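Trainee: Can you read through this structure? Questions will come right after.
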Amino acid sequence: MWLRSPAFRSPENLAQVGQEAGLIGIMACGEALVILTGGIDLSVGATLALSACAAGSRMMAGMAWPLAGLLALLSGAAAGWLNGVLITFRRLPPI
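For the sequence shown, my numbering assigns the number 232 to the initial residue and increments by one for each residue that follows.
This is the structure we're talking about:
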């Protein structure tokens, strides 16, 4: 049904799908490494949501988007680091 919709095949929509596929592909590479080592890490989506909320809330408060993007990167890195520390040193399962 979606193949017959002219709105789906529009250049704007296909560009949006391509942008989202890139982000999901990057996340999938990280997930693949975890799965190959015997773990299942479901925290990637939550970390992405945390980063998006951090950037979005700061931009709504008037922060410039490059600075909010940097904040998103830093908050995602901090959450990933904390997750890694808990898995490595506390021997928590990577879920």
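Idealized CB from N, CA, C, for every residue including glycine.
Since this is a predicted model, take the numbers as computed values, not measurements.
1. Any idea what DSSP makes of Leu313, helix, strand or coil?
2. Could you give the first and the last residue of the continuous alpha helix (DSSP H) run that contains Ser241?
3. Gly270 and Ile318 - do their beta-carbons sit closer together than 9 Å?
4. Leaving out the 5 sequence neighbours to the left and right, which residues in its chain are closer than 7 Å to Cys300 when beta-carbon positions are compared?
5. Can you tell me whether Gly307 is buried or exposed, with buried defined as 16 or more other CB within 10 angstroms of its CB?
6. I'd like the span of the alpha helix (DSSP H) that includes Leu273, first residue to last.
Mentor: With the structure as the only source:
1. Here residue 313 refers to the residue found at position 82 when the sequence shown is read from its first residue. Reduced to three states, the DSSP call for Leu313 is helix.
2. Your numbering for residue 241 matches position 10 in the sequence shown. Careful: Ser241 lies outside any alpha helix (DSSP H) and carries neither H nor E.
3. Locating residue 318 in the sequence shown gives position 87, where the first residue counts as 1. Locating residue 270 in the sequence shown gives position 39, where the first residue counts as 1. Going by beta carbons, Ile318 and Gly270 fall inside the 9 Å limit.
4. As a first step, residue 300 is located in the sequence shown; it is residue number 69 there, counting from the start. Note that residue 300 corresponds to Gly in the displayed sequence, not to Cys. These residues qualify, in order along the chain: Ala286.
5. Within the sequence shown, the letter at position 76 stands for residue 307. Only buried fits Gly307, as 16 or more other CB atoms lie within 10 angstroms of its CB.
6. Reading the sequence shown from its first residue, position 42 is the one you call residue 273. Counted as a single uninterrupted DSSP element, the stretch harbouring Leu273 is not any alpha helix (DSSP H), since DSSP gives it neither H nor E.
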